[in-house]
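**Q** Just so it is clear: in the sequence shown, position 56 is 56 by our numbering, and no numbers are missing.
Ideal Cβ placement from N, Cα and C applies to all residues, glycine included.
This is the structure I want to talk about, given as structure tokens.
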Amino acid sequence: MTIPLVVGYYKMQTAKQINLLRKTQGKSVWQRNYYDKIIESDDEYDAISEYILTNPSRWGLDKD
């Protein structure tokens with residue numbers, strides 16, 4: 001099994017559950033594609049981890 005297949009399956013299954021909870025059958029939940037990145041150092045790993053952890057706190061600042 002390849003990573004794209006695993007990601008696709010995960011997105012499909014979680015979207016079904018989210019739409020059941022929201023009562024929004026067939027609504028899009030995920031972005032169409034995803035961005036993969038090879039992490040090449042501990043510093044890069046730390047920076048990406050920090051971004052993932054703090055990004056939700058910035059959602060309210062997004063004007064879109």
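Within the continuous alpha helix (DSSP H) that includes Glu-40, where are the two ends?
**A** Glu-40 -> no alpha helix (DSSP H), and no H or E assigned at all.
**Q** Does chain D have any CB closer than 7 Å to the CB of Gly-8?
**A** Among the protein chains of the structure shown there is no chain D, as only one such chain exists.
**Q** In terms of residues, what are the limits of the alpha helix (DSSP H) holding Met-12?
**A** Residues 3-22.
**Q** Using beta-carbon positions only, say whether Gln-25 and Asn-19 come within less than 7 Å of one another.
**A** Contact flag set, yes.
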